[in-house]
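Heads up: the structure comes next, in structure tokens.
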């Protein structure tokens, strides 16, 4: 009964605010952990692990901005400038390009991404996520948040399996091929904390579908936490729908990336004399 009552109050809050011009910006800090014990085939020294983690920091720790109104939202990584004296490119550094656009009215989500020097628009229909609403609460800043969980199919590209791992040679490649042939379905456990006090059915990354803005999200090894919210800023927000790029489905995009990375992998192995090279 408490869960039903909570859901009723949440939807009532959204209905009330939906009559107003409601918009805002939310800043999220994202952190992803890596299993360094198995990274590089488990043959790295502690010093090498520390050096690798430092090089990957820009990829594993990022800041994002979610701009939203009652129908649309755009989730985009905050561009960062290199510190004075920095040389070379940084892994995972952002140039301010790319976004995840959601349109609740049209039920469409568009991910704008650049890969292999080509821009893609990954277009998907927004099917209602199968969230399980709980009664557990906690405070995030000044907002009371409720817990929601789900297990979803993970269609993201697994670059680790594409590039392979060191340590088992040809047998590993055979095992990898068998795994690919089976087309095992990957799943992802997701925990979200949302607040009905912010009546927007959106959140970080591609997540949405709860009766309030998602302020914290845990998906696999990644955690995203909202650190700042600005409501109804003096300058009206412009949420642009991505239009430049080759329009593809998620499955089509994954096939393209798999083919391109296989080409790079083969080229790399040939340059190393065949067989032993790995990314």
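Residue numbers (mature numbering (1 follows the signal peptide of the UniProt record, and there is no 0)): -18 to -1, 1 to 261.
Just so you know, even glycine gets a beta-carbon here, dropped at the ideal spot from N, CA and C.
So the beta strand (DSSP E) residue i belongs to, where does it begin and stop?
i, result
"residue 93", "90 to 97"
"residue 107", "100 to 107"
"residue 170", "169 to 177"
"residue 85", "81 to 85"
Give the secondary structure of residue i by DSSP, where H, G and I count as helix, E and B as strand, and everything else as coil.
i, result
"residue 252", "helix"
"residue 229", "strand"
"residue 192", "coil"
"residue 237", "helix"
"residue 245", "helix"
"residue 42", "helix"
"residue 5", "strand"
"residue 260", "Note that residue 260 scores 44 on pLDDT, short of 50, meaning its location in the model is unreliable; the coordinates nonetheless yield the value given after this. Three-state DSSP puts residue 260 in coil, outside helix and strand."
Which one or two residues does DSSP pair with residue i in a beta bridge?
i, result
"residue 206", "12, 199"
"residue 119", "128"
"residue 53", "Answer is none; residue 53 lacks a bridge partner."
"residue 213", "6"
"residue 48", "8, 57"
"residue 182", "For residue 182, which the question treats as bridged, DSSP gives no partner whatsoever."
"residue 134", "170"
"residue 114", "131"
Near residue i, which residues of its chain fall below 8 Å by C-beta distance, leaving aside the five closest residues on each side in sequence?
i, result
"residue 184", "48, 50, 55, 84, 86, 190, 195, 196"
"residue 177", "122, 125, 126, 127, 128, 194, 195, 197"
"residue 242", "97, 98"
"residue 175", "120, 122, 127, 128, 129, 130, 196, 197, 198, 199"
"residue 232", "104, 106, 137"
Compare the C-beta of residue i against all C-beta atoms of chain B and say whether one is closer than 9 Å.
i, result
"residue 181", "Absent from the structure is chain B; it holds one protein chain and no more."
Grab me the residues of residue i's own chain with a C-beta within less than 6 Å of its C-beta, minus the 5 sequence neighbours each way, in chain order.
i, result
"residue 10", "46, 186, 206, 208"
"residue 350", "Any property of residue 350 remains undetermined from this structure, which presents the chain solely from -18 to 261."
"residue 4", "52"
"residue 95", "80, 102"
"residue 171", "133"
"residue 202", "170"
"residue 112", "132"
"residue 15", "203"
"residue 108", "89, 91"
Going by beta carbon distance, what residues of the same chain come within less than 7 Å of residue i, once the five residues before and after it are set aside?
i, result
"residue 277", "The question about residue 277 has no answer, for the chain in this structure spans -18 to 261."
"residue 252", "none"
"residue 136", "168, 169, 170"
"residue 229", "103, 105"
"residue 216", "none"
Is the number of C-beta pairs between the stretch 39 to 50 and the stretch 90 to 98 that are closer than 8 Å three or more? no
How about the stretch 242 to 250 and the stretch 214 to 234: do they share at least three Cβ pairs that are nearer than 8 Å? no
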